[in-house]
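Engineer: Would you mind keeping the following structure in view while I ask a few things?
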Amino acid sequence: SAVISQKPSRDICQRGTSLTIQCQVDSQVTMMFWYRQQPGQSLTLIATANQGSEATYESGFVIDKFPISRPNLTFSTLTVSNMSPEDSSIYLCSAQQGTGELFFGEGSRLTVL
Amino acid sequence: GESVGLHLPTLSVQEGDNSIINCAYSNSASDYFIWYKQESGKGPQFIIDIRSNMDKRQGQRVTVLLNKTVKHLSLQIAATQPGDSAVYFCAEILSGSARQLTFGSGTQLTVLP
Chain A
1 SAVISQKPSR
11 DICQRGTSLT
21 IQCQVDSQVT
31 MMFWYRQQPG
41 QSLTLIATAN
51 QGSEATYESG
61 FVIDKFPISR
71 PNLTFSTLTV
81 SNMSPEDSSI
91 YLCSAQQGTG
101 ELFFGEGSRL
111 TVL
Chain B
114 GESVGLHLPT
124 LSVQEGDNSI
134 INCAYSNSAS
144 DYFIWYKQES
154 GKGPQFIIDI
164 RSNMDKRQGQ
174 RVTVLLNKTV
184 KHLSLQIAAT
194 QPGDSAVYFC
204 AEILSGSARQ
214 LTFGSGTQLT
224 VLP
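So the sequence lines, in the order shown, correspond to chains A and B. Just so we're aligned: 95 in our numbering is position 95 of the first sequence, and the numbers increase by one with no gaps anywhere. With the second sequence counted from 1, adding 113 to any position gets you our numbering.
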């Protein structure tokens, strides 16, 4: 199994600022994804982080708001740009090895004031 | 669009009893299903998975049943323990997709002493 570390684990940010969340996997993985989980809700896929190329975004999510990087097979970042209180959420990194199970990090809990 | 949904948002069971959490899915093209457990403040934790060519799979104290005819998935937990209290999500992966998960809305399981 893969161990996924995210940081920061939580942060409180001011409106209009940006925050970058880092995701590190302890082994090489084929797929990496970013999810958002709003309070009391299920998980919604933001995008697939593609190594060495632009991420693939789901409907309702755009690169300008959520730029994503994946420079190698074990690391990815998600930036939440120009934050507003509506961006307060848990952001989760996930990774998959081959066609096996999908592992999740502990999440980054973001509060925007 | 296609979605995965749960029958009940909350479930309370007595410690030692068996728990059954149900999930309906609508996309017959889904070929892989996973149950996740999410404890408060943590990321989702893989419990058990099942592929569409199976109708039952057993793990330690857990069993997943898949009924493709009625597009229904269930998670059975035997001898429920206080540590089983969490939110449980079912998730599906569409055949041929880039392996992104689509999550259901979640069921809060509470184990009563």
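Backbone N, C-alpha and C fix where the C-beta goes; we use that ideal spot for every residue, glycine too.
Taking the alpha carbon of Leu-225 (chain B) as the point to measure from, which residue in B:Ile-160, B:Ala-204 and B:Thr-193 has its own alpha carbon closest?
Structural biologist: The residue you call residue 225 (chain B) lines up with position 112 of the second sequence. Of the listed residues, the one whose Cα sits closest to Leu-225 (chain B) is B:Thr-193.
Engineer: Say whether chain A places a C-beta atom closer than 8 Å to the C-beta of Lys-150 (chain B).
Structural biologist: For the purposes of this step, residue 150 (chain B) is identified with residue 37 of the second sequence, where counting begins at 1. For Lys-150 (chain B), the answer is no, since every Cβ of chain A falls outside 8 Å of its Cβ.
Engineer: Is there at least one Cβ from chain A nearer than 8 Å to Ile-190 (chain B)'s Cβ?
Structural biologist: Walking along the second sequence from the start, residue 190 (chain B) turns up at place 77. Chain A contact via Cβ: absent.
Engineer: Return helix, strand or coil for Ser-86 (chain A), following the three-state DSSP convention.
Structural biologist: By 1-based counting over the first sequence, the position of residue 86 (chain A) is 86. Correcting the residue identity first, residue 86 (chain A) is Glu in this sequence and not Ser. DSSP places Glu-86 (chain A) in helix when its eight states are reduced to three.
Engineer: In chain order, what residues of the segment 46-58 of chain A put their CB closer than 9 Å to some CB of chain B?
Structural biologist: Listed by position along the chain: Thr-48, Thr-56 and Glu-58.
Engineer: Quick one, which residues of the segment 25-48 of chain A are near chain B if we go by CB-CB under 7 Å, in chain order?
Structural biologist: If the cut-off is 7 Å between Cβ atoms, the segment 25-48 of chain A has Met-31, Phe-33, Ser-42, Leu-43, Leu-45 and Thr-48 near chain B.
Engineer: Is there a C-beta anywhere in chain B that falls below 8 Å from the one on Phe-104 (chain A)?
Structural biologist: Indexing the first sequence from 1 puts residue 104 (chain A) at position 104. Yes, because at least one Cβ of chain B sits closer than 8 Å to the Cβ of Phe-104 (chain A).
Engineer: Put Asp-197 (chain B) into one of helix, strand or coil per three-state DSSP.
Structural biologist: Position 84 of the second sequence, counted from the start, is the residue given in the question as residue 197 (chain B). Three-state DSSP puts Asp-197 (chain B) in a helix.
Engineer: Please report the straight-line C-alpha distance between Gly-114 (chain B) and Thr-182 (chain B), rounded to a whole angstrom.
Structural biologist: To locate residue 114 (chain B), count along the second sequence from 1; it is residue 1. To locate residue 182 (chain B), count along the second sequence from 1; it is residue 69. Only weak support is given to the placement of Gly-114 (chain B): the predicted model assigns it a pLDDT of 36, under 50, and the value that follows is read from those uncertain coordinates. Answer to the nearest angstrom: the Cα atoms are 20 Å apart.
Engineer: Check each residue of the segment 203-226 of chain B: if its Cβ is closer than 7 Å to any Cβ of chain A, include it; give the result in chain order.
Structural biologist: Within the segment 203-226 of chain B, the residues whose Cβ lies closer than 7 Å to some Cβ of chain A are Ala-211, Arg-212, Gln-213, Leu-214, Phe-216, Gly-217, Ser-218 and Gly-219, listed in chain order.
Engineer: Would you say the segment 19-36 of chain A touches the segment 86-93 of chain A, given that touching needs at least three Cβ pairs under 8 Å?
Structural biologist: Short answer: they touch.
Engineer: Give a yes or no on whether the minimum CB-CB distance between Glu-86 (chain A) and chain B is below 8 Å.
Structural biologist: Along the first sequence, one-based indexing puts residue 86 (chain A) at 86. No - not a single Cβ of chain B is within 8 Å of the one on Glu-86 (chain A).
Engineer: DSSP three-state label for Lys-150 (chain B), please.
Structural biologist: Locating residue 150 (chain B) in the second sequence gives position 37, counting from the first residue. If DSSP states are grouped into helix, strand and coil, Lys-150 (chain B) belongs with the strands.
Engineer: Around the Cβ of Ser-208 (chain B), are there at least 16 other Cβ atoms within 10 angstroms (buried) or fewer (exposed)?
Structural biologist: Locating residue 208 (chain B) in the second sequence gives position 95, counting from the first residue. Ser-208 (chain B) comes out exposed.
Engineer: To the nearest angstrom, how far is it from the Cα of Gly-107 (chain A) to the Cα of Ile-147 (chain B)?
Structural biologist: In the first sequence, the residue the question calls residue 107 (chain A) occupies position 107. In the second sequence, the residue the question calls residue 147 (chain B) occupies position 34. For Gly-107 (chain A) and Ile-147 (chain B), the distance between alpha carbons rounds to 19 Å.
Engineer: Near Pro-122 (chain B), which residues of its chain fall below 8 Å by C-beta distance, leaving aside the five closest residues on each side in sequence?
Structural biologist: Along the second sequence, one-based indexing puts residue 122 (chain B) at 9. Once the five neighbours on either side are set aside, the close Cβ partners of Pro-122 (chain B) are Ser-218, Gly-219, Thr-220 and Gln-221.
Engineer: Are there 16 or more other CB atoms within 10 angstroms of the CB of Arg-10 (chain A), so buried, or fewer, so exposed?
Structural biologist: Taking the first residue of the first sequence as 1, we reach residue 10 (chain A) at position 10. Looking at its Cβ environment, which holds fewer than 16 other Cβ atoms inside 10 Å, Arg-10 (chain A) is exposed.
Engineer: Since Asp-162 (chain B) meets chain A, which of its residues come closer than 7 Å, beta carbon to beta carbon?
Structural biologist: Here residue 162 (chain B) corresponds to residue number 49 of the second sequence, with the count starting at 1. Neighbours of Asp-162 (chain B) on chain A, chain order: Glu-101.
Engineer: Does Met-167 (chain B) pass the burial test, meaning 16 or more other C-beta atoms within 10 Å, or should it be called exposed?
Structural biologist: Here residue 167 (chain B) refers to the residue found at position 54 of the second sequence. It is exposed - the Cβ of Met-167 (chain B) has fewer than 16 other Cβ atoms within 10 Å.
Engineer: Step through the CB atoms of chain B and report whether any lies within less than 8 Å of the CB of Val-112 (chain A).
Structural biologist: For the purposes of this step, residue 112 (chain A) is taken as the residue at position 112 of the first sequence. No, because no Cβ of chain B sits closer than 8 Å to the Cβ of Val-112 (chain A).
Engineer: By Cβ distance below 6 Å, which residues in the same chain neighbour Ile-12 (chain A) in space, the five residues on each side in sequence not counted?
Structural biologist: For the purposes of this step, residue 12 (chain A) is taken as residue 12 along the first sequence, with counting starting at 1. Taken in chain order, the residues that qualify are Thr-111.
Engineer: With distances taken Cα to Cα, identify the nearest neighbour of Thr-20 (chain A) among A:Leu-102, A:Gly-105 and A:Ser-81.
Structural biologist: Numbered from 1 along the first sequence, position 20 holds the residue referred to as residue 20 (chain A). When each option's Cα is compared against that of Thr-20 (chain A), the closest is A:Ser-81.
Engineer: Does the beta carbon of Ser-116 (chain B) come closer than 8 Å to any beta carbon on chain A?
Structural biologist: Here the question's residue 116 (chain B) lines up with position 3 in the second sequence. Low confidence applies to Ser-116 (chain B): its pLDDT is 49, below 50, so where it sits in the model is not reliable enough to give any reading.
Engineer: Roughly how many angstroms lie between the CA atoms of Asn-180 (chain B) and Leu-113 (chain A), to the nearest whole one?
Structural biologist: In the second sequence, the residue the question calls residue 180 (chain B) occupies position 67. In the first sequence, the residue the question calls residue 113 (chain A) occupies position 113. If you take the alpha carbons of Asn-180 (chain B) and Leu-113 (chain A), they lie about 46 Å apart.
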